[in-house]
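Under the numbering used here, think of the first position of the sequence shown as 463, with each following residue one higher.
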Amino acid sequence: MKNIIIEKATLKDIDFIIEGIKEICKIEKEPVDKKSELKKVITREIKEKEVFMAKLDGQVMGFLEVLFSKKEPYGINYGDEKKQYCWVNNMYVIKKFRKKGIGKLLFKKLEEICKKRKIDKIMLDVFEVNFKAHKFYDKIGFESKIHIMEKELK
463 MKNIIIEKAT
473 LKDIDFIIEG
483 IKEICKIEKE
493 PVDKKSELKK
503 VITREIKEKE
513 VFMAKLDGQV
523 MGFLEVLFSK
533 KEPYGINYGD
543 EKKQYCWVNN
553 MYVIKKFRKK
563 GIGKLLFKKL
573 EEICKKRKID
583 KIMLDVFEVN
593 FKAHKFYDKI
603 GFESKIHIME
613 KELK
């Protein structure tokens with residue numbers, strides 16, 4: 463696939479991002495917020511965070527939503543502001559475009575941005591049930607470093 467561009471999301475991309483997040487939640491068996499709530503969250507994230515869209519001839523193929531921060535999200539250095547890192551919140555590619563290198567392109571662009579910002583670590587989490595995501599992240603060089611557990615209280 464040639465001529466794929468990776469660009470920052472605009473408010474015009476909100477509906478696509480919402481549908482992607484709904485699909486992610488379905489795969490991960492997580493509850494989905496109402497569309498109106500998602501719209502507020504995504505609008506804020508487009509303005510405050512970085513959301514990158516993969517497009518081919520104007521057609522949106524996927525997105526990568528990230529946060530750049532100086533506070534370690536967890537682990538022994540939790541909350542420390544020693545150095546900046548990148549956190550991937552969500553990554554989504556339309557089903558018909560999967561396994562065509564779109565996710566790799568999104569991450570390649572992210573790595574370029576991180577290097578320019580002198581960031582040497584990209585972090586993310588992925589639900590246990592999202593096996594395809596595990597496989598993808600392994601394939602592009604991510605390693606499992608921490609296992610987060612939860613217990614629902616009734």
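Idealized CB from N, CA, C, for every residue including glycine.
Give me the DSSP bridge partner(s) of F514.
As a first step, residue 514 must be located in the sequence shown, where it is residue number 52. DSSP lists K470, L526 as partners of F514.
Grouping DSSP H, G and I as helix and E and B as strand, with all else coil, what is I602?
Within the sequence shown, the letter at position 140 stands for residue 602. It is coil, neither helix nor strand.
Can you tell me the Cα-Cα spacing of E619 and M553, whole angstroms?
Missing from the structure shown is residue 619; the chain here goes from 463 to 616 and no further.
Secondary structure at V494, three-state DSSP: helix, strand or coil?
Along the sequence shown, one-based indexing puts residue 494 at 32. Reduced to three states, the DSSP call for V494 is coil.
Span of the beta strand (DSSP E) around I575:
As a position in the sequence shown, residue 575 is number 113, starting the count at 1. No beta strand (DSSP E) contains I575, which is instead part of the alpha helix (DSSP H) from 564-578.
Where the beta strand (DSSP E) containing I584 begins and where it ends:
Along the sequence shown, one-based indexing puts residue 584 at 122. From DSSP, the beta strand (DSSP E) with I584 extends over 584-586.
Apart from the five residues just before and just after L500, which ones in its own chain have a Cβ nearer than 6 Å to its Cβ?
Within the sequence shown, numbered from 1, the residue matching residue 500 stands at position 38. Taken in chain order, the residues that qualify are I480.
Taking the Cβ atom as the reference point for each residue, do N592 and I483 lie within a distance shorter than 7 Å?
For this step, residue 592 is matched to residue 130 along the sequence shown. For this step, residue 483 is matched to residue 21 along the sequence shown. No, they are not a contact pair.
Report all residues from its chain with a CB closer than 6 Å to the CB of C548; omit the five preceding and five following residues, and keep chain order.
Translated into the one-based positions of the sequence shown, residue 548 becomes position 86. Closer than 6 Å at the Cβ level, and outside the excluded window around C548, lie V528, F530, C576, I581, I584.
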